[in-house]
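Count the sequence shown with the numbering used here and you get residues 145 to 390, in order. A virtual CB, placed ideally from N, CA and C, is assigned to each residue, including glycine. Input: a single structure, listed below in structure tokens.
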Amino acid sequence: MIRIMMEYNLEEKLNEKLNSTALKAVLFDMDGVLFDSMKNHAEAWAKAMEQHGLSMTRKEVYMNEGRTGEGTIDIFTQRDWGRDATEQEILAIYKTKSDIFNTLPTVLPMQGAAEVLDNVRKRGLMRILVTGSGQVSLLERLENAYPGHFKEELMVTAFDVKHGKPYPEPYLMGLEKAGRALGLTTPLPASQAVVVENAPLGIQAAKAAGIFCIAVNTGPLEDQILYDAGADIVLPGMAELAEKLK
Ligand code: CA
């Protein structure tokens, strides 16, 4: 009963937020939100670490999603070897991870994401990408999967920030870019945006930036982990979010 009441309140809060006339922008994370890519990342990380004599479970990949490659590797060399990785080790492990990733099946757009983006556009809201990824062909990939939805000046990638998620910097920069695009002299106020995230560290980053955070639980973690990270509401996936945006 208490749980049902709680969920009802969360849904009400979400509807209030989405229907607020003050809302101007939706900030989207990429992996696990717009693309169904986390299974591949989990497999590539787990296998690469194993090849280099380190242990990392798939669940641990999801728990660390959003951290830089270097930061991730250091956590596991610290745990297994009691020290940070050397620069050479980082390069070697990251290369193995990328090589394995490239042998895996092609990553597909996340189910329901195109509908979410279409509904967001219909509501006249800006669409902003905030990712820790540093792939050079990002815009092309987004344009292929979601034509006309993302613009280069409304993207925050690994190249833009010094302190990635869970720090608030990527999302603060997203608000800054939104403000600039709207012709403001200040960043878009956090209260006029929402974030769509799937990972604990990404949720922490969004909340540290003061933004309402919708979590879509597209991976294997328990909902509670996403709530503990600070999510304002956890939905099962993008299709359910599309439904709420109708
Ligand atoms: Ca993600």
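Ranked by how close their Cα comes to the Cα of His307, the residues Thr212, Ala188, His196 have Thr212 in first place.
The three-state reading of DSSP puts Arg324 in helix, counting H, G and I together. Of the other Cβ atoms in all chains shown, fewer than 16 fall within 10 Å of the Cβ of Val280; this residue is therefore exposed. For Leu269, no pairing in a beta bridge is given by DSSP. For the set Asn342, Ala334, Leu370, the Cα lying nearest the Cα of Phe356 is the one of Ala334.
By the neighbour-count definition (other C-beta atoms within 10 Å, threshold 16), Ser242 is an exposed residue. Sorting Arg285, Tyr290, Gly278 by C-alpha distance to the C-alpha of Asp304 places Gly278 at the top. Annotation for Ile237: the continuous alpha helix (DSSP H) segment containing it runs 231-247. Of the other Cβ atoms in all chains shown, fewer than 16 fall within 10 Å of the Cβ of Tyr152; this residue is therefore exposed. Take the alpha-carbon of Pro380 and the one of Phe179: they are about 15 Å apart. The three-state secondary structure of Val170, taken from DSSP, is strand.
Nearest to Thr250 by alpha-carbon distance, out of Pro344, Thr329, Lys183, is Lys183. By the CB criterion at 7 Å, Tyr206 and Leu345 fall outside the cutoff.
Taking non-hydrogen atoms of ligand 1 into account, the C-beta of Gly323 is found less than 6 Å away from none of them. Under the three-state reduction of DSSP, Asp175 is assigned to strand.
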